[in-house]
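Chains as they are written, first to last, in the numbering used here: chain B, 6 to 195; chain L, 73 to 787.
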Amino acid sequence: VGTNVLAMVRLGVDEGAFAAVFSAHHRPAVRLAYLLVSDPDQAEDVVSEAFAKVYVRWKKGEVRDVGAYVRRAVVNEANSRLRRRYLERRVAGERSGDDRGVRLVDEDAADRDAVWRGIERLPAKQRAAVVLRYYEDLSEAEAAEVLGCSVGTVKSNTSRGLAKLQELLVAGGAGPGGNAGTPTSLGGGR
Amino acid sequence: MDRVEQLVRDSLRTRAEDVEPTPHLYRGVQDRIARRRRRTIATWVPAGAVALGVAVVLPSVLDTGTQVPSIEDYADGPVSAAPTSTRAVTVDRDGVVALVDLTDGSVLHEYGSLDGAGVPPLLDVAPTDVDAVPDAIAGTPQDRVDGPTLAITAFTVTCPPGSACAGETTTSFEPEGGAPEVGARFAVSPDGAWTATLAGPMQDADGWTLQLRPTPRSDAPELFREPAVVVPAGSVVQDWSGTLEPDGTSEVTVVTPDGQLLGFPLTYDGDTFTWTDEAVLSPVDREPVAAYASSHLGDGTGYVLSTGDAGLEVQAVRGGRTLGAVDVDALVGDPQAETVALDAWGDTATLSSPDGSWLLTHDGQGDFADPVALPDGTVRAALVGREVDDGPDDASPDEPGEASPAEPGEGLDDVIVEEPTAAFAGPIVQAGARSVVLRTDAEERILLALPPEGESTVVEVGVRPGSSADDLTAVVATTAEGFTDLRWVEVVDGQVQDPVVLEGAYASAGVGDASVTLRGLTWSPAGDRLLWVEATPGDATLRAIGWDDGPGTGDTATDNVALGLPTGLDGSLVDVVDAGGGRLVARFTSTGGAWSRWVLEVQGDGALAVPGTEAEPVPSPVGGAVVALTGADDESRPTWLLIAAADGPRLVRDPFTTAERVALPDLASGDGLTAARLSEVDGGVLVQTAGLAWSVGADGQVTGLGDAVDVDPVR
């Protein structure tokens with residue numbers, strides 16, 4: 006936003022190149038979004054919104070590392086939506102057909118995976134920290150930059166998230182040394 | 073890496089590999105980009121249309137040299153239709169700082185006076201909630217024992233719901249002395265927390281240095297490392313635009329004594345400012361520049377005061393080219409950067425000088441209306457705009473979207489909204505993420521304001537039937553970290569009461585259990601019950617509490633009841649309609665795209681009961697998934713539907729009879745219809761979805777209501 010003088014001189018940005026930018030970054034973005042929001046349709050919504058925001062700055066030449074920028078946009082958008090998650094559930098699954106929503110190759114697998122169901126139950130900030138550390142393989146400092154918080158906060162959210170997962174796994178019978186692929190009580194009712 | 077960490081990693085990667093984007097995702101991105109453009113254009117169009125009208129109606133004073141149209145002649149003027157600049161903070165010759173309604177020149181709020189007025193006043197406005205009185209920051213040059221300085225005064229205003237606004241004044245001196253010379257103006261950062269001033273010469277620097285300091289209203293640390301930016305002595309700070317968010321860039325602009333316009337991009341990580349580039353020489357081809365202002369909308373538009381072939385003029389510029397210009401030779405005789413100032417927001421700019429201040433409005437394409445004089449004695453004016461969404465940073469749903477880099481005129485044909493602030497079927501209660509506002513044709517009143525630094529956000533609001541603008545009850549659902557609570561707000565004899573949280577048996581179960589989600593909040597038609605659905609995975613309950621003077625005070629036997637929802641009601645509660653004969657019909661949307669109705673029975677003692685009937689799913693009669701509905705015919709069937717069709721969202725009136733389609737602006741096929749809601753009112757309908765709201769009149773005319781997470785009529 007707003008670097009107007011820069012905008013005056015940074016002319017000739019090729020809008021068509023944005024399609025190539027999208028092509029290079031959209032798949033990991035969708036996967037990251039899904040890991041954060043669980044809902045396949047919401048994941049595509051998150052990514053659509055993130056790329057729409059990225060486009061504004063990209064066009065003005067303000068995005069130097071598109072991948073990092075997209076990652077940050079996805080995480081922030083996903084966190085924002087998780088805070089409103091019960092509204093989002095109102096329409097979860099409403100859309101159908103092969104032109105809407107992310108395709109889940111094996112939906113049953115998600116249900117079988119007790120660890121995944123535990124991750125889904127983590128508070129948003131803990132979940133984001135865990136996903137960035139163990140899926141994106143970001144360092145604590147890199148994760149802190151994406152999340153806009155301190156390294157200490159990343160550390161505490163990650164450790165608290167892992168502790169809660171371990172607790173859930175033990176309670177669910179899978180145990181940290183057990184078979185996480187077996188059905189457990191994770192994800193049960195109230 | 074221990075066992076749990078390995079399990080987590082394996083699980084995440086397995087899940088991620090299961091996900092494949094659909095081929096149409098990019099189309100969704102394009103639709104969103106287009107929608108953002110349309111939102112920007114929707115701002116331009118009404119202002120431009122009216123502005124051009126004014127250009128015809130009002131005398132062309134610059135040609136004749138006669139009196140400039142004054143704001144009193146401006147009651148129907150262009151600014152009233154420009155949502156981004158209906159108010160300005162002004163300073164008059166006596167140093168009085170005031171918030172002025174630009175549509176009629178009336179003073180909405182008087183902040184106080186500046187000491188030492190009479191010299192060129194300095195002024196900016198800190199970004200605050202557009203619904204409240206904005207904070208203002210002003211100042212005057214002063215000579216102190218230890219050297220010249222700027223006395224910077226912050227007018228910080230709070231407007232608690234139901235109470236009059238209260239102000240606090242704080243003054244600091246910038247720089248604090250010691251510099252032989254101080255710049256004639258200052259700029260305030262986009263978040264209102266910092267000022268940029270020039271002073272010098274300092275040690276080891278021939279020119280003046282740019283100094284960034286916390287404003288008096290700021291909690292920013294006093295000590296920080298600032299970059300060494302040296303500009304020629306006598307330069308004047310013009311503007312500070314952009315964002316200070318960690319991932320964003322802002323820019324301080326400076327005009328040098330020889331009229332060069334320099335831009336200094338900087339980033340801020342919460343601790344340290346960093347200049348990200350060399351100073352940029354602007355390509356404005358008609359130097360010397362006397363003043364500059366950004367539009368603050370991120371669309372690359374700026375305003376430049378300079379001398380062209382025809383004399384002194386203000387140009388609207390974008391992307392290195394001039395969009396248009398307005399002759400101001402007759403207004404500002406001596407365009408010295410020390411004495412003239414430009415300020416802008418969107419398609420409106422103010423030009424200020426010791427001789428007076430003027431509004432300069434254009435249509436987004438560069439055609440300016442004639443300048444309009446602000447009230448007599450106004451020597452400085454800063455437009456009050458609204459905050460904008462700064463890209464990917466943590467945004468709440470009611471924050472306006474970032475303006476897109478639309479080209480002039482682009483998307484004009486798509487715009488259906490012609491008068492965003494035109495009369496709507498009010499009064500209404502409109503909820504943003506952090507505030508709930510009662511809107512009437514005459515005013516807006518804040519019913520609930522959540523602290524901006526908090527986690528809580530508003531997600532739903534329901535106005536009790538039988539309410540009026542002066543006597544109103546509404547219940548607001550808010551969420552923080554997944555926990556849900558309900559608060560009710562009241563207006564009694566025109567006075568907004570303090571909000572009250574529903575507690576104990578009348579609270580939502582989600583108040584202490586993040587796994588409980590609230591799906592729909594509504595009132596019975598008589599206003600004697602508040603109903604909502606609480607859901608956990610695999611379980612859902614309809615809650616109802618009686619209501620007369622508050623929760624649990626209904627004149628019924630069902631002051632607090634929980635009814636298990638029948639299987640199949642997997643969507644959200646929409647509303648409850650009176651089917652007659654002691655029956656109520658609760659209507660739900662369904663995840664399968666149909667809508668459902670569930671008959672409830674009001675027994676003789678007023679108790680709410682379930683007669684044993686199953687919920688009845690009703691397919692959409694017009695194709696597509698039913699996202700929202702409202703209105704009821706004799707068979708409790710909706711008279712309005714919001715449909716998610718393959719070709720995009722569709723609003724349908726009388727779906728079971730004529731099935732008339734009503735176009736909605738700004739909704740594209742890629743938009744997810746999250747949190748959609750319809751409310752029938754006066755033969756028309758209020759629509760809320762995708763963070764926006766519209767009023768659709770009985771005649772089909774669509775009026776944009778702006779950003780909203782929910783909207784409900786007062787009736």
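Backbone N, C-alpha and C define an ideal beta-carbon position, used for all residues, glycine too.
At a Cβ-Cβ threshold of 8 Å, Pro-262(L) and Gly-279(L) do not count as neighbours. Of all alpha-carbon atoms in Gln-502(L), Val-389(L) and Gly-374(L), the one lying nearest the alpha-carbon of Val-781(L) is that of Gln-502(L).
In the DSSP assignment, His-181(L) falls within the unbroken beta strand (DSSP E) covering 179-185.
Residue pairing by DSSP puts Ala-388(L) in a beta bridge opposite Tyr-375(L) and Gly-396(L). Among the CB atoms of chain B, none fall inside 8 Å of the CB of Val-260(L). At least 8 Å separates the beta-carbon of Glu-317(L) from that of Gly-335(L). Counted as a single uninterrupted DSSP element, the beta strand (DSSP E) harbouring Thr-761(L) occupies residues 756-761.
Cys-237(L) counts as exposed, since fewer than 16 other beta carbons sit within 10 angstroms of its beta carbon.
Of all C-beta pairs linking the stretch 590-597 of chain L to the stretch 525-534 of chain L, three or more are shorter than 8 Å, placing the two stretches in contact.
Taking Ala-679(L) as the centre and dropping the five residues before and after it, the same chain places the C-beta of Ala-629 and Thr-630 closer than 6 Å to its C-beta, in chain order. The C-alpha of Asp-621(L) is placed about 48 Å away from the C-alpha of Pro-286(L). Cα atoms of Ala-29(B) and Leu-174(B): separation of roughly 36 Å, rounded to the nearest angstrom.
Segment contact: the stretch 558-569 of chain L against the stretch 128-139 of chain B, fewer than three CB-CB distances shorter than 8 Å; contact not assigned.
Ala-83(B) is positioned such that its CB atom lies no closer than 8 Å to that of Val-120(B). Taking C-beta atoms as the reference points, Leu-377(L) and Pro-407(L) count as a pair closer than 8 Å.
Spanning the alpha carbons of Asp-784(L) and His-434(L) requires a straight line of approximately 34 Å. With the rule of 3 Cβ pairs closer than 8 Å, the stretch 686-694 of chain L counts as touching the stretch 702-716 of chain L. Residues of chain B with a Cβ closer than 8 Å to the Cβ of Arg-81(L) are, in chain order, Tyr-139 and Tyr-140. The Cβ atoms of Val-724(L) and Gly-772(L) lie no closer than 8 Å to each other.
For Ser-507(L), the uninterrupted beta strand (DSSP E) run begins and ends at 507-511, by DSSP. Under the DSSP assignment, Tyr-340(L) falls in the beta strand (DSSP E) whose first and last residues are 333-340. If you check the CB distance, Thr-158(L) and Ala-170(L) do not come in under 8 Å.
Around the beta carbon of Gly-405(L), a 10 Å sphere encloses fewer than 16 other beta carbons of the protein chains shown; the residue is thus reported as exposed. Against Ser-161(B), chain L offers no close residue; the least beta-carbon distance is about 15 Å (beta-carbon pairs closer than 9 Å). In the three-state reduction of the DSSP assignment, Leu-723(L) falls in the strand class. Against chain B, the beta carbon of Ile-518(L) has no neighbour under 8 Å; the closest one sits roughly 21 Å away. Within the stretch 33-45 of chain B, the residues whose Cβ lies closer than 8 Å to some Cβ of chain L are Val-35, Arg-36, Leu-37, Tyr-39, Leu-40 and Pro-45, listed in chain order. Per the coordinates, the alpha-carbon of Leu-736(L) lies some 26 Å from the alpha-carbon of Pro-95(L). For the stretch 52-71 of chain B, the beta-carbon criterion of a distance under 8 Å to any beta-carbon of chain L is satisfied by Val-52, Ser-53, Glu-54, Ala-55, Phe-56, Ala-57, Lys-58, Val-59, Tyr-60, Val-61, Arg-62, Lys-64, Lys-65 and Glu-67. Taking a C-beta distance under 8 Å as the contact criterion, Leu-672(L) and Arg-659(L) do not qualify as a contact pair.
With a 10 Å radius around the Cβ and a threshold of 16 neighbouring Cβ atoms, Glu-150(B) comes out buried. Relative to Pro-499(L), the option among Thr-420(L), Thr-411(L) and Ser-767(L) whose CA is nearest is Ser-767(L). For Ala-24(B), the nearest beta carbon of chain L is closer than 8 Å to its own beta carbon. The Cβ of Thr-94(L) sits closer than 8 Å to at least one Cβ of chain B. According to the DSSP assignment, Val-563(L) belongs to no alpha helix (DSSP H) but to the beta strand (DSSP E) extending over 555-564. Straight-line measurement puts the Cα of Glu-141(B) at about 25 Å from the Cα of Gly-100(L).
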